[in-house]
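This report concerns only the one structure given below.
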Amino acid sequence: MTEAVRIDPVEVAPAAMPGARAAAASQPSVLRHAVYVIGQNPVTGLAFGLFLLIVLCAIFGPLIAPYDPLASDTDAAYQAPSAAHWFGTDQLGRDILSRVIAATRLDLTIAVFSVALVFLLGGVSGVMAGFFGGWTDRIVGRLIDTIMAFPLFVLAMGIVAALGNTVTNIVLATAIVNFPLYARVARAEANVRRDAGFVQAARLCGNGELRIVLTQILPNVMPIMVVQMSLTMGYAILNAAGLSFIGLGVRPPTPEWGIMVAEGAADMVSGKWWIAFFPGGALMLAVFCFNLLGDGLRDIVDPQRRT
Amino acid sequence: MTSDVPLLAVRDLTIEFATRRGTVRAVQHVDVTVGKGETLGIVGESGSGKSVTSYAVMRILDRAGQIAGGSIRFGGIDVGAASEREVRDLRGREISMIFQNPRAALNPIRKVGKQIEDVLLQHVQATRSDVKDKAVEALRRVHIANPEERYHAYPFELSGGMCQRVVIALALACRPQLLIADEPTTGLDVTTQKAVMDLVVDLTRARGMSTILITHDLGLAAAYCDRVVVMEKGRVVETAPSRQIFAAPAHPYTRKLMKATPRLGIGLRDLLPDEHSSPPPTGGRSAALRTSGDNGSAAAAEIPRYPTADDLRSSDPPPAGEGKPLLIVENLVKEYPRNALKGSLAKFFGRKAEEEKPFRAVGGISFTIARGESVGLVGESGCGKSTTSMMVMRLIDKTTGKIAFDGADIGAIAAKQFATHPMRKRIQMVFQDPTDSLNPRFTASRAIADPLMRLGGIKHGAALRARCEELATQVGLPVALLDRFPHQLSGGQKARVGIARAIALRPELIVLDEPTAALDVSVQAVVLNLLQDLKAELGMSYLFVSHDLNVVRLLCDRVIVMQAGEIVEHGSSDDVLSAPKTDYVRELLAAIPHPAGTA
Amino acid sequence: MGIAPKVRRLWQGCAGAMPTLRTRHVVVTAMLRKIGKRLATVIPSLVGVIVVTFLLTRVLPGDTAAYFAGPAASAQAIEDVRKQLGLDRPLSEQFIRYVSDLAHGDLGKSLTTGQSVTADIAARLPASAELTLLGLVAAMLIAVPLGIVAAVRQGSPVDHACRIVATAGVSLPVFFTGLLLSYVFYYRLGWAAEPLGRLSFLYAPPPTITGFYLIDSLIARDFELFRAAASQLVLPVATLAIFSLAPIARMTRASMLAVLASDFVRTARAGGLSPGTVVMTYAFRNAMLPVVTTLGMVFSFLLGANVLVEKVFAWPGIGSYAVEALIASDFAPVQGFVLTMAAIYVLLNLAIDLIYGVIDPRVRIEA
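Going down the list, the protein sequences come from chains A, B and C. If you count the first sequence from 1, position 88 lands on 87 in the working numbering, and the numbers rise without skipping. If you count the second sequence from 1, position 197 lands on 393 in the working numbering, and the numbers rise without skipping. If you count the third sequence from 1, position 70 lands on 75 in the working numbering, and the numbers rise without skipping.
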């Protein structure tokens with residue numbers, strides 16, 4: 000419909016986008032394009048900043064925290080936020096700010112491991128199923144359908160309850176529960192490209208099927224998978240927090256955002272809002288950050304799909 | 197035919213679009229007039245602004261577009277300045293539009309009859325009690341059989357041609373004064389195309405309606421329009437009665453377009469424009485030929501020199517070589533099984549399972565291709581030509597039959613194993629869609645290098661790069677563009693990359709699947725000539741699959757015509773295309789539009 | 006006009022609506038065949054659910070019998086449970102027994118309540134259902150118009166609000182939202198009722214007909230009870246609604262945007278149809294099709310969020326039943342809960358598929 004926009008890219012590109020003068024290798028152009036997109040969209044820049052902050056907290060948590068997250072001091076219990084305790088103290092007198100910072104490490108670790116696991120299992124099996132079809136597709140499809148027959152959080156509950164109340168099992172449960180989403184996206188992307196012209200051309204050039212998957216399909220599917228990973232990180236954190244909230248997985252006194260909200264829940268309704276509020280807020284910010292990051296990444300990677 | 201006061205007067209129109217890369221002027225200072233009862237053709241290649249102009253007339257431009265200057269007057273009303281309500285009254289009732297891709301133009305979940313009713317009721321052309329009859333009448337007027345039944349049909353139940361008739365019925369339901377047809381026949385078979393255009397002309401001429409036909413096909417404009425407006429890059433370059441445009445085009449761009457349109461009575465070299473500016477650079481006439489520009493390759497440093505037809509006629513390649521056939525195809529059959537599940541479920545419900553015969557895409561064809569010969573495989577969509585070419589390429593497996601290449605039975609080798617077979621490099625392909633056939637994450641040089649790395653024995657390093665550059669020069673791709681990605685190349689440049697990749701291993705047979713269908717006609721002229729030269733230089737044979745008889749005539753020595761999976765006629769191009777023996781081929785030839793008087 | 010002519014007109018409309026290219030007999034059998042096909046795909050899902058829950062319960066680390074016997078059981082009690090559950094038998098025999106128990110509706114016995122799990126779940130299911138359904142309806146009533154307006158008026162404040170809602174909404178942990186709402190509206194402003202269950206202790210529940218307090222109180226014509234039940238529902242329903250608002254609004258907006266840019270909407274505009282007709286009759290009906298298919302996913306989220314919301318508001322539904330059982334290491338209810346939720350979810354998906362099959366003529370009419 001808009002013919003005008005289909006102007007010859009050779010003419011327009013070098014002049015209008017000096018940052019993307021991409022005559023040379025691919026790496027700098029991706030980076031420059033990323034910088035360009037962030038410049039255009041400050042919200043994505045904000046998300047990046049927040050992401051860095053979270054990572055810093057996770058890595059340097061114990062060094063930044065003003066108090067020992069596990070140290071209880073019953074005299075100082077139930078203190079509202081003040082200069083001494085920015086986020087106040089909980090029913091055992093523990094500093095909430097320190098606990099929130101300390102919890103960053105645990106929550107982020109759970110999320111990262113779950114997403115890595117799901118990416119490996121779901122991404123690879125999805126791509127194979129989408130590209131090769133046949134039995135691979137049927138088996139992976141059956142697996143997806145079986146998992147998707149359950150409401151996902153309920154399945155995660157069941158898995159952690161059955162396997163035992165540990166952090167490892169939370170990671171495993173989150174990975175299993177996110178498998179269908181991943182595998183489906185990977186399978187759809189591989190399927191679309193299975194008969195694309197360049198794949199046929201690759202066959203003509205003497206590439207075997209496996210080599211085609213590695214060199215042609217995967218690099219094209221990766222960007223979308225990376226976007227998906229960012230969104231799944233947010234979901235993994237929510238999942239872990241939700242499980243902890245109902246008492247599965249993480250045990251007190253380990254600081255974890257979900258369990259901290261659970262500990263502060265009763266007190267919140269009776270007025271002492273800060274105990275549950277700050278961990279909940281941190282949770283919300285982290286998930287929000289990963290979602291925005293995912294949207295921003297989608298803009299960088301595939302501008303046609305922006306929402 | 198034209199009265200003094202034009203029905204539509206577009207003066208000095210400029211349209212701008214706000215894009216991510218700044219403001220773009222799609223249309224600049226354009227003047228177009230349409231008289232009462234006149235049929236005007238607007239002709240141009242992609243990016244010429246022809247569609248945008250008509251969208252502006254109807255005020256259905258994208259949100260990002262706006263009229264930056266000039267005026268549009270329709271029957272006395274200033275369309276640009278009118279309110280949205282006034283323009284809405286105009287749309288559908290006074291000015292109507294029909295688009296490309298008719299099935300997508302209809303609401304998929306609403307009955308076609310109801311869609312016509314919506315338009316009738318909106319413009320108060322019918323009351324609730326008689327609107328259904330009027331809708332059925334509208335369907336009847338476009339020659340749809342059983343209009344009362346078809347009223348209840350959904351678009352997905354109708355064929356492409358019938359959908360286009362429904363779209364026409366929709367547009368003409370309120371008897372508008374002006375009909376704008378935006379590429380209405382692109383993508384349709386040439387016989388369907390003729391039927392649709394005849395219908396449109398029939399209906400509009402009968403009522404003294406004015407029509408604007410927007411197309412990239414000069415032949416179509418010539419055959420059906422009174423006057424023609426030629427647009428290039430957002431500007432009008434020439435306006436004249438159609439006979440004049442084709443007999444004596446004034447503007448160089450029009451001349452170039454005219455020359456590049458394949459038609460009867462000309463040779464391949466005649467497609468090229470005939471200006472020349474400087475003596476050819478070293479490398480001979482072929483090199484000069486190859487550097488002729490397409491769609492603005494701004495980075496091309498070489499000065500293009502366009503040889504004249506006289507220069508080149510003497511060096512035309514000799515007629516196709518005789519000798520031992522390179523490719524022998526015998527009784528080739530391809531069948532696709534129909535859904536087996538339906539049968540078993542029918543049994544489950546106790547009903548007799550109908551015998552589902554498999555679908556025969558190709559029903560036992562035989563032909564040969566000699567060394568150095570160019571054979572055209574022609575037919576309309578669904579005839580099986582693409583399936584045949586895929587089997588010859590060994591990308592899909594045959595059901596039965598024999599495919600022998602240079603004596604070896606390649607049909608017996610499974611498609612999945614053929615990729616790593618030594619015979620693979622002797623048969624290569626040039627694809628139809630240059631964009632789809634290039635990996636978006638590979639640079640041009642990586643794409644060209646792929647066959648060299650896999651089957652050519654040159655794995656990496658300076659030798660690989662040197663060979664890539666050699667191939668790029670051979671196809672006229674400036675070496676500087678080798679490190680670009682597909683989205684940074686124009687259509688013609690991408691086509692050259694595809695060709696370079698195909699000839700990299702010096703194959704003996706190349707299958708070309710509609711290689712220029714997606715290209716503008718001026719670019720097509722250059723690419724076809726390039727293919728001809730390469731064939732002579734490298735001694736290759738071609739299997740050229742196409743639906744465009746004119747193009748096939750130019751490039752191929754022999755022609756095979758297919759219909760519904762069978763060969764209906766074959767012979768030398770001259771014989772088949774000038775004096776066809778079968779009715780089907782005669783019908784195909786008759787359906788090709790050509791300027792009146794140039795038959 | 007009376008009822009009879011209307012019904013006749015409706016029937017004629019339906020009959021006329023059937024594609025006249027085929028006889029009606031063929032159409033009806035085609036529809037039945039399609040429904041049968043779809044029902045057939047439910048069976049593998051249910052089988053999968055049963056197998057997975059079976060495996061989960063047998064995968065328990067340590068002594069499975071001890072799990073089911075509970076933390077306070079003596080060694081003898083554990084042995085009894087082992088025999089009772091057939092845990093000393095080979096796995097295949099256990100499975101057959103498990104399935105036959107299920108066929109009889111036997112989900113085991115809860116240690117904490119002392120009753121059969123099936124009875125417990127049946128008693129508590131209406132509470133969860135009432136909450137979830139109301140949450141979904143509330144979410145759709147807000148999200149769908151929001152998505153439509155956001156797509157039609159791109160770039161307007163409504164569009165920005167919709168995008169914020171969509172992104173922020175998926176980031177909000179549902180239990181946190183519930184707590185915040187309780188704090189603000191109950192503790193601070195005093196507008197909402199105390200978040201402690203379905204009814205304040207001042208009232209007795211209505212006689213059970215459907216189990217939905219709202220409906221039952223209306224049937225019993227007890228309007229004060231109705232108001233009391235409704236006031237208890239406000240906060241938890243709002244929590245669930247906020248939670249499911251985001252994906253529905255996001256999907257509606259994206260779908261509408263895609264449809265508004267499509268060729269047939271362009272044709273409708275070029276035909277001069279009024280904006281109302283274009284947006285509602287042409288765009289909206291097409292846009293809702295993908296939204297209906299994503300309802301399945303929304304239900305998946307909702308059923309999970311239900312558990313968390315029930316814990317926050319002390320709602321006596323099956324979610325809190327499972328959570329309480331978990332805390333007490335009472336395993337049979339957890340197993341029953343997972344199985345029930347999965348079965349309900351499978352049937353919900355089936356219903357969505359069938360509805361979609363009816364509203365989209367491309368599926369309804371087999372080519």
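By construction, the Cβ of each residue, glycine as well, lies at the ideal position given by its N, Cα and C atoms.
Next on the checklist: Could you tell me the alpha carbon to alpha carbon distance between residue 178 of chain C and residue 237 of chain A, rounded to whole angstroms?
Outcome noted: 6 angstroms
Item to check | Beta-carbon contacts of residue 136 of chain A that lie in its chain and below 8 angstroms, excluding the five residues immediately before and after | outcome: 128, 129 and 186
Checklist entry - How long is the line joining the alpha carbons of residue 491 of chain B and residue 410 of chain B, rounded to whole angstroms? => result For residue 491 of chain B, the predicted structure reports a pLDDT of 39, less than 50, and the residue's modelled location is therefore unreliable. A value from the coordinates is still provided. Rounded to the nearest angstrom, the two C-alpha atoms are 20 angstroms apart.
Item to check | Top-ranked residue by Cα proximity to residue 599 of chain B, from B:561, B:578 and B:612 | outcome: B:561
Next on the checklist: Would you say residue 223 of chain A lies against chain C (beta-carbon separation less than 8 angstroms)?
Outcome noted: no
Item to check | Extent of the continuous alpha helix (DSSP H) to which residue 533 of chain B belongs | outcome: Note, residue 533 of chain B: premise wrong, no alpha helix (DSSP H); not H, not E.
Item to check | Short-range partners of chain C found in the region 664 to 689 of chain B, where Cβ spacing is below 8 angstroms | outcome: none
Checklist entry - Going along the chain, which unbroken runs of the alpha helix (DSSP H) with 4 or more residues stay wholly within the region 401 to 448 of chain B? => result 414 to 420 and 438 to 443
Item to check | Buried/exposed call for residue 285 of chain C, threshold 16 Cβ in 10 Å | outcome: exposed
Checklist entry - So which residues of chain C does residue 272 of chain A contact, with C-beta pairs closer than 7 angstroms? => result 188
Next on the checklist: Between residue 334 of chain B and chain C, is any beta-carbon pair separated by less than 8 angstroms?
Outcome noted: no
Checklist entry - Among the residues of its own chain, which have a CB less than 6 angstroms from the CB of residue 564 of chain B, if the five just before and after it don't count? => result 521 and 524
Item to check | CB contact flag (residue 183 of chain C, residue 314 of chain C, <8 angstroms) | outcome: yes
Next on the checklist: Can you find the residues in the same chain that come closer than 8 angstroms, C-beta to C-beta, to residue 282 of chain C, ignoring five residues on each side of it along the sequence?
Outcome noted: 273
Checklist entry - Is it right to say residue 73 of chain C is buried, meaning 16 or more other beta carbons lie within 10 angstroms of its own, or is it exposed? => result buried
Checklist entry - Going along the region 236 to 252 of chain B in order, which residues come within less than 8 angstroms of chain C, judged by CB to CB distance? => result none
Checklist entry - Any idea what DSSP makes of residue 789 of chain B, helix, strand or coil? => result coil
Checklist entry - residue 269 of chain C CB to nearest chain B CB: under 8 angstroms? => result yes
Checklist entry - Would residue 362 of chain B pass as a contact of residue 354 of chain B if the rule is Cβ separation under 8 angstroms? => result yes
Checklist entry - For residue 43 of chain C, which residues of its own chain have a beta-carbon under 8 angstroms away from its beta-carbon, when the five flanking residues on both sides are left out? => result 355, 358, 359 and 362
Checklist entry - What residue from B:739, B:248, B:635 and B:672 has the CA that sits closest to residue 226 of chain B's CA? => result B:248
Checklist entry - Of the residues that make up the region 345 to 360 of chain C, which ones have a beta carbon closer than 7 angstroms to any beta carbon in chain A? => result 346, 347, 350 and 351
Checklist entry - For residue 405 of chain C, which residues in chain B fall below 7 angstroms Cβ to Cβ? => result Outside the displayed range of chain C (6 to 372) lies residue 405 of chain C, so it cannot be described from this structure.
Item to check | Amino acids of chain A, ordered along the chain, whose beta-carbon sits closer than 8 angstroms to that of residue 297 of chain B | outcome: Per Cβ cutoff of 8 angstroms: no residues; residue 297 of chain B is ~11 angstroms from chain A at best.
Checklist entry - Beta carbon of residue 304 of chain B, beta carbon of residue 352 of chain B: below 8 angstroms? => result yes
Item to check | Cβ shell of residue 300 of chain C (< 6 angstroms), same chain only, five flanking positions each side left out | outcome: 357
Checklist entry - Taking 8 angstroms as the CB-CB limit, is residue 130 of chain A close to chain B? => result no
Checklist entry - Name the DSSP beta bridge partners of residue 758 of chain B, please? => result B:763
Item to check | Segments assigned alpha helix (DSSP H), at least 4 residues, entirely inside the region 326 to 388 of chain B | outcome: 327 to 337, 343 to 346 and 356 to 368
Next on the checklist: Would you say residue 740 of chain B lies against chain A (beta-carbon separation less than 8 angstroms)?
Outcome noted: no
Checklist entry - Given residue 86 of chain C, which residues of its chain have a CB within under 6 angstroms of its CB, disregarding the five upstream and five downstream residues? => result 70, 73 and 74
Checklist entry - residue 715 of chain B and residue 688 of chain B: beta carbons closer than 8 angstroms? => result yes
Next on the checklist: Using 8 angstroms for Cβ pairs, my map puts residue 144 of chain A next to residue 53 of chain C. What's the rounded Cβ distance?
Outcome noted: 7 angstroms
Next on the checklist: Considering only their Cβ atoms, is the gap separating residue 769 of chain B from residue 568 of chain B smaller than 8 angstroms?
Outcome noted: no
Checklist entry - Roughly how many angstroms lie between the CA atoms of residue 468 of chain B and residue 607 of chain B, to the nearest whole one? => result 40 angstroms
Item to check | 7 angstroms Cβ shell around residue 629 of chain B - same chain, five flanking residues per side excluded | outcome: 714
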